[in-house]
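Asks:
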Amino acid sequence: MKLLQHSEGQGMTTILACRICQKGKLHKFLSLGSIPLANSFLRQDQLGVPEPYYPLDVCFCSNCGLVQLAQVVDPEIMFKDYVYQTGTSPPLKEHFAKLAETTIQKFKIPEGSFVMDIGSNDGTLLENFQKHGMRVLGIDPARNIAELALSRGIDTLIDFFNKNLVSKIRKGYGKPSVVFATNIFAHIHKLDDFVGAVNSLIADDGVFIIEVPYLVDMLRKVEFDTIYHEHLSYFAVRPLTTLFDKFGMGIADVEQISIHGGSIRIYVQKSLHSLPPSVIELFNLETEARIDSLATYQKFAEDTSRIREELPLLLKALKGDGARIAGYGAPAKGNILLNYCKIGTDLLDYIIDATPFKQGQYTPGTHIPVFPESHFRKFQPDYTLLLAWNYKDAILKKEHEYRQAGGKFIIPIPKPQIV
Ligand code: DWN
Ligand code: ZN
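Count along the sequence shown starting at 1, add 486, and that's the number in the numbering used here.
#1: Following a CB-centred definition, is P576 positioned closer than 7 Å to any heavy atom of the ligand DWN?
#2: Would you say the beta carbon of Y877 is closer than 7 Å to some non-hydrogen atom of the ligand DWN?
#3: Helix or strand or just coil, what does DSSP make of Y568?
#4: Is any heavy atom of the ligand ZN found at a distance shorter than 7 Å from the C-beta of A501?
#5: Which residue or residues does DSSP assign as beta-bridge partners of M735?
#6: State buried or exposed for K657, treating a residue as buried only when at least 16 other CB atoms are found within 10 Å of its CB.
#7: With the ligand ZN as the reference, list in chain order each residue whose Cβ lies under 6 Å from any of its heavy atoms.
#8: Rounded to whole angstroms, what's the CA-CA distance from V652 to A683? Just pull it up for me.
#9: Just grab the DSSP bridge partners of C827 for me.
#10: Report the residue from E885, Q890, L873, A880 whose alpha carbon sits nearest the alpha carbon of I476.
#11: Hey, how far is the Cα of I793 from the Cα of S526?
#12: Confirm the yes/no value for this check: CB of A816, any heavy atom of the ligand DWN, distance under 7 Å.
#13: Is the region 740-756 touching the region 509-526 in the sense that three or more CB pairs, one from each, lie closer than 8 Å?
#14: Less than 8 Å between the C-beta atoms of E537 and P850, yes or no?
#15: With which residues is S749 paired in a DSSP beta bridge?
#16: For the ligand DWN, I want to know if T870 counts as a neighbour, meaning its beta carbon is within less than 7 Å of at least one of the ligand's heavy atoms.
#17: Tell me whether N648 is buried or exposed, calling it buried when 16 or more other Cβ atoms sit within 10 Å of its Cβ.
#18: Can you find the residues in the same chain that come closer than 8 Å, C-beta to C-beta, to K894, ignoring five residues on each side of it along the sequence?
#19: Please confirm whether any heavy atom of the ligand DWN lies closer than 7 Å to the CB of D570.
#20: What does a CB cutoff of less than 7 Å around D703 pick up in its chain, not counting 5 residues either side in sequence?
#21: Distance, Cα to Cα, N650 vs I640?
#22: Any heavy atom of the ligand DWN inside 7 Å of the beta-carbon of H675?
#23: Using only CA atoms, which one of E774, K511, T727, N770 lies nearest to S760?
#24: Using 8 Å as the cut-off, can you tell me whether the region 591-600 makes contact with the region 542-552, which would need three or more C-beta pairs spanning the two stretches below that distance?
#25: Run the CB neighbour count on I766, radius 10 Å, all protein chains shown included, and call it buried at 16 or more, exposed below.
#26: Check whether the region 575-582 touches the region 556-565, taking contact to mean three or more Cβ pairs, one atom from each stretch, closer than 8 Å.
#27: For the alpha helix (DSSP H) that contains F600, what are its first and last residues?
#28: Which whole-angstrom value is the C-beta distance of G551 and P725, which I expect to be below 8 Å?
#29: Contact between the region 853-864 and the region 826-833: three or more CB pairs below 8 Å?
#30: Measuring only the C-alpha atoms, how far is Q755 from Q496?
#31: For the ligand DWN, is there any heavy atom lying closer than 7 Å to the beta carbon of E716?
#32: Taking 7 Å as the cut-off, is the beta-carbon of N825 closer than that to any non-hydrogen atom of the ligand DWN?
#33: Look at the Cβ atom of E796, then the Cβ atom of P902, and state whether they are nearer than 8 Å.
#34: Can you list, in chain order, the residues of its chain with a C-beta nearer than 6 Å to that of V665? Leave out the 5 residues immediately preceding and following it.
#35: Does the beta carbon of K884 fall short of 7 Å from some heavy atom of the ligand DWN?
#36: Sorted by chain position, which residues of the same chain lie with C-beta nearer than 6 Å to M487's C-beta, five sequence neighbours on each side aside?
Listed below in structure tokens is the structure:
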């Protein structure tokens, strides 16, 4: 396998201070080694070309508790041409339809209000608000995906959100009543600039709604494969309160939600003073989970290494018995799991995925071919490694017939198991 080790300066920088408090000592507790970018799928003619690999090291800030990557890869490399498309996962479409309903009811958002989504991808979330008569604007730097949103009539600025866009947006659309950042907030290196820009743009009575994977879930369910170069931070509520305090903003409410293996949805508003009970509740949960102790992270690292031993052994045993094995879903997290556990075409015959951008391509580093779901119907494997484990219920239901006919799924985390 040809690889092009990237280090300092080659599209990557190593952080010197915690991105929230700038004060804490950063303790590295896990290294996933050098790994290709999780969404950098390859065309057939690229297979012989050396691929860029970047170190993937995770640290914990001893002052504010923020878990964060030690390295930052240039977002221009990761996000300008993007293969991830929100609308290809039915459970995610349902999730965003419910989020729109909940938001409109919870904050009594009147028709005609301006709603903005940062990291709007193909416009799946905003389409729901448009149906409710809202004015919408998406912001996304990935031209190929943003063009899908534009083709569906969702206004989208093709750019990274930053303070230079604030006056242009205010002039063109006014001050948004709601600003969303779902599965993008963890991707931001300069959080102060980002939050400062939202704070200066949003209406005084507006609400900034963020969804991010929750650190407590990641640790408890050993979701090490959600650690990749796009995800610079792994949030708990406590460091987030430190961040918003800087801007006189506050968390008005926080909910635990099941999406993406367990996330938190936080509602941020201007000039809030008292901490709501839901924040206190998660502070207590984080204390119970001992997220302030290095020992917790060392155990997570041990649990992660255990999967790296057990999963390939299970697959090799099945393969040794002549079993046909395929992968289900080609999520970014799947590429981390495959590269970290060194699972390649020796163990998986192919992977299927519903995303057109990924079909006909090969997985980064492991070069496993990705086919449309129809391939799974024609070449039914004996075992199927569920790489998109976060949609387990929906996928097991969808593949009921396959399982009835004797097909088995392998769920890789928190401990490899056959169902
Ligand atoms: O933060 C991010 C997360 C939220 O989304 C981004 N950095 C990138 C992306 O990560 P991911 O690729 O791990 O996300 P998903 O949504 O877990 O990816 C699921 C994959 O599985 C998609 O490629 C679609 C595919 N899929 C499928 O082929 N058949 C999904 C379902 C439900 C299906 O039935
Ligand atoms: Zn810190």
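Backbone N, C-alpha and C fix where the C-beta goes; we use that ideal spot for every residue, glycine too.
Replies: In terms of the structure at hand:
#1: yes
#2: yes
#3: coil
#4: Going by the sequence as given, residue 501 is Ile instead of Ala. The answer is no for I501.
#5: K756
#6: exposed
#7: C504, I506, C507, G510, C547, N549, C550, L552
#8: 7 Å
#9: None, per the DSSP bridge assignment.
#10: The shown model of the chain, from 487 to 905, leaves out residue 476, and the question about it has no answer.
#11: 24 Å
#12: yes
#13: no
#14: yes
#15: P699, I743
#16: no
#17: exposed
#18: D868, Y869, T870, I904, V905
#19: According to the sequence as given, residue 570 is Tyr; it is not Asp. Checking every heavy atom of the ligand DWN against the Cβ of Y570, one is found closer than 7 Å.
#20: E709, G747, G748
#21: 21 Å
#22: no
#23: T727
#24: no
#25: exposed
#26: no
#27: Run containing F600: none in the alpha helix (DSSP H); it sits in the beta strand (DSSP E), 600-604.
#28: 5 Å
#29: yes
#30: 38 Å
#31: yes
#32: no
#33: yes
#34: M602, V684, I688, F694
#35: yes
#36: Annotation note: pLDDT 48 at M487 (below 50); position unreliable, coordinate value reported separately. Nothing listed; no residue qualifies.
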